[in-house]
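Worksheet for the structure shown next.
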Amino acid sequence: MSIGVDPDFILDLKKFGVADASTCFNCGNCTAVCSLSTESTPFPRKTIRYLQLGAKEKLLQSPEPWLCYYCGDCTETCPRDANPAEVMMGIRRYLTTKYDWTGISRLFYISKLFEVLAILIIGLLVGVGFYFFHGPMLTDRVALNVFAPNTVIEILDLIMLGVLSVLLLSNGYRMFTAVTGDPAQYLLPDEDGKQPSRGFLIRGIPVSIYLAEFKEFILHLTTQKQFISCKTDSQKMQWFVHLLIMTGYSIIFLFVVVGLRWFQRDEILSIWNPIRFLGYYSTFAILYGTSYAIIGRLRKSKTVYKHTHSSDWAFLALLWLTTFTGILVHIGRLLEMPLSTYYIYVIHLMIAVPMLVIEVPFAKWTHQLYRPLIQYLMKVRERALANN
Ligand code: SF4
Ligand code: SF4
């Protein structure tokens, strides 16, 4: 079967952080050292070959870029300094833009100006909204729920959750259709030439298989366990940092978006209250994880921190600043400083909202969905093909 090729594709990929894939001469060394590469899903050599050929359709259908957990082993052993680990990262950025039907993700990744303006404009809109619609600023005590009633913020949060979910899930669906490929491959007739009964099908695969394997999605989403499959000390630390950021962020996201009435209260909860305890855990987890990654990238302390795309800085900076200003709001409440608390609260939301609106459906946070989704789909596909 012929595949469409585009020799200029490699130039386009430079915008996504793929610096020099053209130096690769396909020796296969990287695939040999990669502990996550398998016979059925070999990478990164094959993926880089698709990139060099400009075989965009093949790349779009490839699960391999999402099976790479960016340990950097391949880059350290590449004889041509082609930096295969960073190439895989750049391809993941590119694929994120291809799954996104709005085109916003592409703009965000290829234009620093758009990236900065999008963050500033959304942040300013939040600030302007507060300027016109905030509640009374009581100064005899910190009354955050009078200044910004949690019931109102909760409704706005739920609207935002609805919009973000539609965007993220529709993009996830596009990835799903791309990597599951032609439904006919799962529908081979039996030896008598008849179609066996398979029950209700989604893209040629019985729903029962999707349900039976769904545990894989939950497992990979909650444990990020593929990060430690490389078993190097450096990767164990990467896993730990990812787990801290992911768990901390998920807890805060749930509190803020669906449980704000319990999280944003005017009375200070007891230190033993589970909500306060989980809030402290999440704050520590995100602050430690993002600080570790920022310092690592500034020092270029390991292979995977040597090249940083502007979108990586945006993600880390927004997350770190959101957490830091959240701590300042908490300190303001503890020290009973009403005006400072209200102002910092507005700044906190001016950073947090762009972070959620841009990063969750269009940028780095999509990886949190796509990676476990691919692990899950690989199991589904394997089982569906075995059932043929
Ligand atoms: S990226 Fe490097 S190690 Fe991998 S196939 Fe190309 S030249 Fe060989
Ligand atoms: S970065 Fe690690 S997981 Fe990714 S292709 Fe290279 S060796 Fe494999």
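402 is the number of the first residue of the sequence shown in the numbering used here; add one for each residue after it. Cβ coordinates follow ideal geometry from the N, Cα and C atoms, glycine included. Note that the structure is predicted; figures quoted are calculated from it, not measured.
According to DSSP, is Pro-607 part of a helix, a strand, or is it coil? When secondary structure is reduced to three states using DSSP, Pro-607 falls in the strand class.
Rounded Cβ spacing between Leu-452 and Val-488 (contact assumed at less than 8 Å): Contact between Leu-452 and Val-488 holds: their C-beta atoms lie close to 7 Å from each other, under 8 Å.
Please give me, in chain order, every unbroken run of the beta strand (DSSP E) with length at least 3 that falls completely inside the segment 630-699. The segment 630-699 contains no whole beta strand (DSSP E) run of 3 or more residues.
Tell me whether Ile-449, by its Cβ, gets closer than 8 Å to a heavy atom of ligand 1. Yes, ligand 1 has a heavy atom inside 8 Å of this Cβ.
Three-state class that DSSP yields for Leu-437 in the structure shown: DSSP, read as helix, strand or coil, puts Leu-437 in coil.
With respect to 8 Å, is the separation between the Cβ of Asn-355 and the closest non-hydrogen atom of ligand 1 below this value? Because residue 355 is not part of the residues shown, which for the chain are 402 to 789, the question remains open.
Tell me whether the beta-carbon of Tyr-500 lies closer than 9 Å to the beta-carbon of Thr-767. For Tyr-500 and Thr-767, yes; Cβs fall inside 9 Å.
Closer than 8 Å by C-beta to Ser-671: which residues in its own chain qualify, once you throw out the five before and the five after it? Chain order, please. Apart from the 5 residues on each side of it in sequence, Ser-671 sits with its Cβ closer than 8 Å to the Cβ of Arg-677 in its chain, given in chain order.
Buried or exposed for Glu-737, going by 16 or more other Cβ atoms inside 10 Å? Label assigned to Glu-737: exposed.
Is Pro-445 near ligand 1 - that is, is its Cβ less than 8 Å away from at least one heavy atom of it? Flag set: Cβ of Pro-445 near ligand 1.
Leu-735 in three-state terms, based on DSSP: Correct three-state label for Leu-735: helix.
Beta-carbon separation (whole angstroms), Tyr-689 vs Leu-645, contact threshold 8 Å: The C-beta distance from Tyr-689 to Leu-645 rounds to 6 Å, short enough to meet the 8 Å contact threshold.
Is the beta carbon of Phe-685 sitting closer than 9 Å to the one on Gly-649? Yes, the Cβ-Cβ distance between Phe-685 and Gly-649 is below 9 Å.
Simplified DSSP state of Leu-539, which is helix, strand or coil: In the structure shown, Leu-539 sits in coil (DSSP, three-state: anything other than H, G, I, E or B).
Using only the heavy atoms of ligand 2, determine whether one of them is closer than 8 Å to the beta carbon of Asp-342. With the chain covering only 402 through 789, there is no way to say anything about residue 342.
Roughly how many whole angstroms lie between the Cα atoms of Met-490 and Gly-573? If I take the Cα positions, the gap works out to 18 Å.
Whole-angstrom distance between Met-751 and Tyr-471, CA atom to CA atom: Spanning the alpha carbons of Tyr-471 and Met-751 requires a straight line of approximately 32 Å.
Closest to Val-758 by CA distance: which of Asn-546, Arg-784, Leu-720 and Cys-479 is it? Comparing Cα positions, the closest option is Leu-720.
Could you name each continuous alpha helix (DSSP H) segment of 4 residues or more that falls completely within the segment 505-585, going from the start of the chain to the end? Complete alpha helix (DSSP H) runs here, min 4: 505-511, 513-534, 545-548 and 551-581.
For Pro-773, count neighbouring C-beta atoms within 10 Å of its own C-beta (all shown protein chains included) and say buried if the count is 16 or more, exposed if not. Counting the other CB atoms within 10 Å of its CB gives Pro-773 a total of 16 or more, which places it among the buried residues.
Thinking just about the alpha-carbon of each residue, which of Ile-652, Ile-554 and Trp-673 is nearest to the one in Val-754? Checking every option, the nearest Cα to that of Val-754 belongs to Ile-554.
Is Leu-588 helix, strand or coil by DSSP? Leu-588: coil per DSSP, three-state reduction.
By Cβ distance below 8 Å, which residues in the same chain neighbour Thr-442 in space, the five residues on each side in sequence not counted? Cβ neighbours of Thr-442 within its own chain (closer than 8 Å, five residues either side excluded): Pro-464, Glu-465, Leu-468 and Met-779.
Cα-Cα, which of Lys-703, Phe-716 and Gln-596 is closest to Gln-636? Among Lys-703, Phe-716 and Gln-596, the Cα nearest to that of Gln-636 is on Lys-703.
Tell me whether Cys-469, by its Cβ, gets closer than 8 Å to a heavy atom of ligand 1. Every heavy atom of ligand 1 is 8 Å or more from the Cβ of Cys-469, so no.
Beta bridge counterpart(s) of Leu-602 as assigned by DSSP: For Leu-602, DSSP records a beta bridge to Pro-607.
Taking the continuous alpha helix (DSSP H) assigned at Glu-477, which residues delimit it? Going by DSSP, Glu-477 is part of the alpha helix (DSSP H) stretching over 474-478.
Rounded to the nearest angstrom, what separates Ser-630 and Val-781 at their Cα positions? Distance between the alpha carbons of Ser-630 and Val-781 is about 21 Å.
Let me know if Cys-428 comes out buried or exposed under the rule of 16 or more other beta-carbons within 10 Å of its beta-carbon. Answer is exposed; the Cβ neighbour count stays below 16.
Would the beta-carbon of Val-543 fall within 9 Å of that of Thr-742? Between Val-543 and Thr-742, the CB-CB gap stays under 9 Å.
Beta-carbon proximity of Pro-597 to Pro-590, cut-off 9 Å: When the beta-carbon positions are compared, Pro-597 and Pro-590 come within less than 9 Å of each other.
Ligand 1 heavy atoms versus the CB of Ala-483: any closer than 8 Å? Because some heavy atom of ligand 1 lies under 8 Å away, the Cβ of Ala-483 counts as near it: yes.
How about Phe-725 and Lys-765: are their beta carbons less than 9 Å apart? Note that the C-beta distance between Phe-725 and Lys-765 is not below 9 Å.
Within the present structure, is the beta-carbon of Cys-631 separated from the nearest heavy atom of ligand 2 by less than 8 Å? Under cutoff, so the answer is yes.
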